[in-house]
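Worksheet for the structure shown next.
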Amino acid sequence: MQTKRKLRQSIGILLSLAAVLANYSPQTQAVRALPETLRVRAGETYAVSVGWPYSLEPSDVGAQVLSSSDESVGVIGAQAGQTHLTVSLLGVPVKQVTVQVDSEKILYPGGQSIGAALNTQGVLVVGLSEVDGERSASPGREAGLRAGDLLLSINGQSVLSAAQLTEMLAAQGASPLQVRYARRGEERETTVQAAQDALDGQWRLGLWVRDSTAGVGTLSFYDPQTQRYGALGHAITDLDTGVTLPVREGSILRSSVVGIRRGERGTPGELQGSFLRNPVTLGDIRLNNTFGIYGSAASPIVNPLYPQGLPVGSQASVHTGPASILTTLDDGGVREYGVEITRVTRQEEASPKSLTIRVTDPELLERTGGIVQGMSGSPILQDGRIVGAVTHVFVSDPTQGYGVFIEWMMQQANSL
């Protein structure tokens, strides 16, 4: 009896250990991490890190499984449409995944240096000051305004520029002003009474304001079907407040790179561009948000390295390993440079910082030190597809930076 009891205990311990190992094995964790829906484009391969004792079986010809015997299973989107994959453990189904196979999409990759000039929707408060008058005070501060607020209207009249704001204050004088403004996207109202400056007699609110900005970046893509473009991969923000600038009107212009400041640890480098001396407009700016700037191009913007365009790679196809970026460093135009994708973050919803890259190209490292300001928006290519765009540099290590999936940028362009 005692022998049988010990045998049962040993079997129980072994089963418990097997259950623990099964629940926490890399294969099991990979299966749990699989999203409910995979999106791939026709012809793409999605790498699934599952292996024995798990297997994958497609429900029909819409998707194909390359291998289910090693630890990296490739799922190919064979034809456009929706299909399903069944994940089995030793032949027992444990999970079903929907596979949405989209038709192949062709874009012209960017890489061209561009200038961006925009006027804001409203006037941005970038600072507050005292008005030198009978009483030294800031009427704006007393009314609750602060840096980062966006002035939209005064007494019901839209504020379009700093010059117009000055004219409106001169016309109203000491009369109370009903100011409508936006703070973090929420519209509010307050009453302000301007103060007269004793030095020049001007009526002021005690606010430093800004109504426009300009800078250099890189084009990410041009869509020949919609004539829309995407660029930068991140928002144009106010330097002083960090506020994303809402667009009233704006343009992207052809830019020339006239200088390079190499990046060093702790000090981001910079591409120095010129685009206002002899401006050539490439398109308008209609949207500025977390994922870049977007608008319609005045004429097709074709990449000389890929004049036929390239297919789009969905995030499902992006993997760690060799890749390249397209960018412009001088009058020689767009060049392709080697990088390595070191991390990929699968995202159910649009979000920046989709992947990280490390520059490996000796020439790019020699000339720039890695990723520098002005390279934001440079398209990332992998396996013959456009998969993302460069967004930010690691300040602590200029050889590394973040990228955003190109599909998130395409969503923004398509929303116009």
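Read in order, the letters of the sequence shown correspond to residues -30 to -1, 1 to 386 in mature numbering (1 follows the signal peptide of the UniProt record, and there is no 0). Every residue, glycine too, gets a C-beta built ideally from N, C-alpha and C.
Within the same chain, show all residues whose beta-carbon is closer than 8 Å to that of P146, passing over the 5 residues directly before and after it, in chain order.
Non-local beta-carbon contacts of P146 in its own chain, meaning distances under 8 Å to residues more than five positions away in sequence, involve T161, V162, Q163 in chain order.
From V96 to R154, what does the alpha carbon distance come to, in whole angstroms?
Between V96 and R154, the C-alpha separation is close to 14 Å.
Distance, D119 Cα to L275 Cα:
Cα atoms of L275 and D119: separation of roughly 44 Å, rounded to the nearest angstrom.
Verify whether the separation of the beta carbon atoms of K65 and V57 is less than 7 Å.
yes
What residue from I376, S385, D331, L386 has the CA that sits closest to Q370's CA?
Nearest option by C-alpha distance: D331.
Rounded to whole angstroms, what is the Cα-Cα separation between R11 and A286?
R11 and A286 have their alpha carbons spaced roughly 9 Å apart.
Could you check if D170 is buried or exposed, using at least 16 other CB atoms within 10 Å of its CB as the buried criterion?
exposed
Evaluate the contact criterion for the stretch 181 to 199 versus the stretch 138 to 152: three or more CB pairs, one atom per stretch, below 8 Å.
no
CA-to-CA distance, E27 to S38, given in whole angstroms
Confidence at S38 is low in this model, with a pLDDT of 42, below 50, so its placement is unreliable and the value that follows should be read with caution. Computed Cα separation, rounded: 9 Å.
Span separating the alpha-carbon of V314 from that of G308
17 Å
On a CA-only basis, which of I311, G283, D353, R305 is nearest E333? Give me that one, please.
R305
On the three-state DSSP scale, how would you describe A140?
helix
Give me the Cα-Cα distance between V129 and E240, rounded to the nearest whole angstrom.
34 Å
Taking the beta carbon of P(-5) as the centre, do at least 16 other beta carbons fall within 10 Å, making it buried, or is it exposed?
Note on P(-5): under 16 other CB atoms within 10 angstroms of its CB, so exposed under the neighbour-count rule.
Proximity of N273 and Y78 at Cβ, strictly below 7 Å:
In this structure, Y78 lies closer than 7 Å to N273 by Cβ.
List the endpoints of the continuous alpha helix (DSSP H) containing Q(-4).
From DSSP, the alpha helix (DSSP H) with Q(-4) extends over -5 to 3.
Nearest-angstrom Cα distance between E234 and G344?
15 Å
For P63, which residues of its own chain have a beta-carbon under 6 Å away from its beta-carbon, when the five flanking residues on both sides are left out?
Excluding sequence neighbours, P63 sits near T56.
Tell me the residue span of the beta strand (DSSP E) that contains A293.
291 to 298
Given S346 as reference, the closest of V363, I356, A320, A(-1) once Cα atoms are compared
V363
Span of the beta strand (DSSP E) around A87:
83 to 98
Report all residues from its chain with a CB closer than 8 Å to the CB of P238; omit the five preceding and five following residues, and keep chain order.
V342, Q343, V363, V365, P368.
Residue range of the unbroken alpha helix (DSSP H) whose run includes N273
Taken as a continuous stretch (DSSP letters only), N273 belongs to no alpha helix (DSSP H), as it is neither H nor E.
Among the residues of its own chain, which have a CB less than 8 Å from the CB of L(-10), if the five just before and after it don't count?
For L(-10), the predicted model reports a pLDDT of 47, less than 50, meaning its position is unreliable and no value from the coordinates is stated.
Can you tell me whether N258 is buried or exposed? The criterion is at least 16 other CB atoms within 10 Å of its CB, across all chains shown.
Counting C-beta atoms within 10 angstroms of its own C-beta, N258 has 16 or more neighbours from the protein chains shown and is therefore classed as buried.
Best match in L177, S244, S284, H289 for proximity to A86 [C-alpha to C-alpha]:
S244
Where A286 falls: helix, strand or coil (DSSP)
Three-state DSSP puts A286 in a helix.
Look at residue 401 and Q91 and say whether their C-beta atoms are less than 7 Å apart.
Absent from the structure is residue 401, since the part of the chain shown begins at -30 and ends at 386.
Got a sec? Which residues, its chain only, sit under 6 Å from L(-14) by beta carbon, not counting five neighbours each side?
Here the model assigns L(-14) a pLDDT of 49, short of 50, so the residue's position is not dependable, and the following value carries that caveat. Same-chain partners within the cutoff: there are none.
Identify whether L60 lies in helix, strand or coil by the three-state DSSP scheme.
coil
Kindly indicate the opening and closing residues of the alpha helix (DSSP H) around L334.
Start and end: 332 to 338.
What are the boundary residues of the alpha helix (DSSP H) that G110 is part of?
109 to 112
Can you tell me which of I84, Y24, L88, L223 puts its alpha carbon nearest to the alpha carbon of L59?
Y24
Sheet register partners of N259 (DSSP bridge)
G262
Simplified DSSP assignment, three categories, for Q134:
Here Q134 sits in helix by DSSP.
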